[in-house]
Structure formats: structure tokens, C-alpha cells
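Last residue of the sequence shown: 85 in our numbering, with the numbers rising by one and none dropped.
Glycine is no exception: its CB is placed at the ideal position from the N, C-alpha and C atoms.
Nothing here was measured: the structure is a model prediction, and the numbers come from that model.
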Amino acid sequence: MVYNDLIGTIGVGIILLAYFLDTIGMIQINGKLFYVMNIIGGAFACYASFLIKYVPFIILEGTWTLVSIYGLMRTMKIKIT
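So, in C-alpha cells, the structure goes:
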């Protein structure tokens, strides 16, 4: 497994783990841990997509990361101006 595959696999794995943990009730979908896992996972997957120059997934995972950051900020009640 090459570097970009490893990074992408870790990223997608973290996103899927967050979803699985929510599904079985171990974390809340609007909780801080869920958002943090999605930020980390999305950023890793975005970086892996960047390494292989696959623009559709750079956009997808970059947006996923930004939306998760926004969700975390709302959860923490950080004012967004």
C-alpha cells in the first residue's frame, strides 16, 4: 500500500467509524466527537485525493471537512461572523 492509499484509507475509516459509532448509539451525531472525527477523516481523505490529483474528491472531502468544522463551531457555540 502506497502513502496516499494509506492516508485515504485512514481518513475514510475514521469517517465510517464515526458513522458506525453514531448508529450504535455510542456517540451523538451532533456531538463534538462526531464532528472532530469527521474533520480529521475528511482532511485525511482530502489530502489523499490531492496527492492523486482527483479533483471531484478534493472538492467532496474538502467540503465535508469545512461543514464539519462549521458544525463543531456551532456545537461549541463559537460565533461565526
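Quiz item: Does DSSP put G15 in a helix, in a strand, or in coil?
Solution: helix
Quiz item: Would you say the stretch 26-33 touches the stretch 44-61, given that touching needs at least three Cβ pairs under 8 Å?
Solution: no
Quiz item: Are there 16 or more other CB atoms within 10 angstroms of the CB of I43, so buried, or fewer, so exposed?
Solution: buried
Quiz item: What residue range is occupied by the uninterrupted alpha helix (DSSP H) comprising N88?
Solution: The chain is shown from 5 up to 85; residue 88 falls before or after that span and cannot be answered.
Quiz item: Do I11 and A52 have their CB atoms nearer than 9 Å?
Solution: yes
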